[in-house]
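Following: one structure in structure tokens, then a few remarks.
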Amino acid sequence: MYLQVFLTRTKNKFNDTNYPKFTYFDSSYLKHKNTIDALIFNIKLFQDYIRITKPIAKSVYMRYSKLKN
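FYI, the numbering for the sequence shown is 1 to 69, going by our numbering.
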């Protein structure tokens with residue numbers, strides 16, 4: 001969820017029209033049972049979301065950060 005918060009805050013702070021589009025994690029897909037299968041399913045959902053969102057967050061960080069590598 002850190003990626004979501006970071007992207008939302010930088011979007012609000014810079015209010016740039018060219019800001020990359022991203023989606024929020026939809027928690028309605030999570031399984032609420034306390035089983036190993038449900039846990040594995042939920043972890044897979046988070047991994048997929050991170051795989052999609054992390055490159056967006058990296059590019060935003062490189063574009064708007066005052067720190068340069």
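All residues carry an ideal CB built from backbone N, CA and C; glycine is no exception.
Model, not experiment: these values are computed from the prediction.
Considering only their Cβ atoms, is the gap separating residue j from residue i smaller than 8 Å?
i	j	result
residue 31	residue 15	no
residue 10	residue 64	yes
residue 29	residue 45	yes
For residue i, I'd like the list of residues in its chain whose CB is within less than 6 Å of its CB, leaving aside the five on either flank, ordered along the chain.
i	result
residue 3	53 and 57
Less than 8 Å between C-beta atoms, sequence neighbours within five positions excluded: which residues of the same chain meet that for residue i?
i	result
residue 7	22, 53, 56, 57 and 60
Against chain C, does residue i count as a neighbour if the rule is that its beta carbon must be under 8 Å from one of theirs?
i	result
residue 64	Absent from the structure is chain C; it holds one protein chain and no more.
Exercise for the section: Could you say if the stretch 9–25 and the stretch 38–56 meet the contact criterion of at least three C-beta pairs nearer than 8 Å? Expected result: Judged by Cβ distances under 8 Å, the stretch 9–25 makes contact with the stretch 38–56, as three or more pairs qualify.
Handout entry: Validate contact between the stretch 57–64 and the stretch 4–22 using beta carbons, cut 8 Å, 3 pairs
Key = In the pairwise beta carbon analysis, the stretch 57–64 is classified as touching the stretch 4–22: at least three pairs are separated by under 8 Å.
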